[in-house]
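Okay, so here's the structure we're looking at.
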Amino acid sequence: MNREINMQDLHSEEREAEPSPRFGPALRSRARVLEAAQEAFASEGLGIPLDEIARRAGVGSGTIYRHFTSKEALFETIVLGRLEQLADQAEKLADSDDPAAAFFQFLSLTIEEGSVRRDMVDALAGEDVDASAAVPRTRRRLRRGIGKLLFNTQQAGAVRDDISVADLMALITGLILARNHNDGGAAVPQRVLSVVRDGLRHGCANNVTAVPPVRPDGTDRGEQ
Numbered sequence: 307m308n309r310e311i312n313m314q315d316l317h318s319e320e321r322e323a324e325p326s327p328r329f330g331p332a333l334r335s336r337a338r339v340l341e342a343a344q345e346a347f348a349s350e351g352l353g354i355p356l357d358e359i360a361r362r363a364g365v366g367s368g369t370i371y372r373h374f375t376s377k378e379a380l381f382e383t384i385v386l387g388r389l390e391q392l393a394d395q396a397e398k399l400a401d402s403d404d405p406a407a408a409f410f411q412f413l414s415l416t417i418e419e420g421s422v423r424r425d426m427v428d429a430l431a432g433e434d435v436d437a438s439a440a441v442p443r444t445r446r447r448l449r450r451g452i453g454k455l456l457f458n459t460q461q462a463g464a465v466r467d468d469i470s471v472a473d474l475m476a477l478i479t480g481l482i483l484a485r486n487h488n489d490g491g492a493a494v495p496q497r498v499l500s501v502v503r504d505g506l507r508h509g510c511a512n513n514v515t516a517v518p519p520v521r522p523d524g525t526d527r528g529e530q
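Numbered according to my numbering, the sequence shown spans residues 307 to 530.
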């Protein structure tokens, strides 16, 4: 199936609709809490106090506890939503008739967004999340979507075939961390991203021990 890559469409699906006037007060307050928490966790990470999230949402802390049992439960809800968005993006781009463009576009999009969202690493790696079954299940879906992007690109001869899904996930997470902790401005991590992109491309000379190739379903052959 061919699908034109349209990043505007991808981003438009991420934007949550404003709470409808017909929603009750409880649903409207929950929506405000989620919106404030998403921005707070993106900028401050899990360390931000719950009282500060409540202040940004314009509600009391008790209101948050009526919807979520703890700050960690609220964080998990945000992480789950982000994982679902990333998985949707990966699956849509995997349908592109230009696998290389789709692969590198997803790579750049994820890393660029991760540079302004401190919760992105947690969403990818699962750090600081006391996860319910939904989080690891959705993370597996994301991993498989990224794996399909990688497989398609390797089949097209655009990315070296000794790269596994595990390698790629480690690269994405590491590059997000590099951008978040860089003191030399945006240009330095951008150069690093360029080096990584070049290193991933097919034909790059390497002495890396070959790893099992990726399956068509987006999983590593070495996985059980």
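No residue lacks a Cβ here, since even glycine has one placed at the ideal position from N, Cα and C.
Delimiting residues of the alpha helix (DSSP H) encompassing residue i
i, result
"residue 444", "440-461"
"residue 339", "331-350"
"residue 357", "356-363"
"residue 420", "405-420"
"residue 402", "Premise fails: residue 402 is in no alpha helix (DSSP H) and is neither H nor E."
"residue 373", "367-373"
Which listed residue (the options) has its alpha carbon closest to that of residue i
i, options, result
"residue 420", "350, 337 and 501", "350"
"residue 506", "385, 526 and 478", "478"
"residue 521", "500, 481, 460 and 476", "460"
"residue 385", "442, 523 and 527", "442"
"residue 463", "519, 498, 414 and 500", "519"
Cβ-Cβ distance between residue i and residue j below 8 Å
i, j, result
"residue 465", "residue 453", "no"
"residue 447", "residue 393", "yes"
"residue 451", "residue 379", "no"
"residue 408", "residue 352", "no"
"residue 444", "residue 390", "yes"
Below-8 Å beta-carbon distance, residue i vs any chain B residue
i, result
"residue 417", "Here there is only one protein chain, and chain B is not present."
Anticipated Cβ contact below 8 Å, residue i with residue j, distance rounded
i, j, result
"residue 502", "residue 474", "The pair is not a contact, with the Cβ atoms about 10 Å apart (cut-off 8 Å)."
"residue 375", "residue 339", "Contact flag wrong, Cβ pair sits at about 13 Å."
"residue 342", "residue 359", "6 Å"
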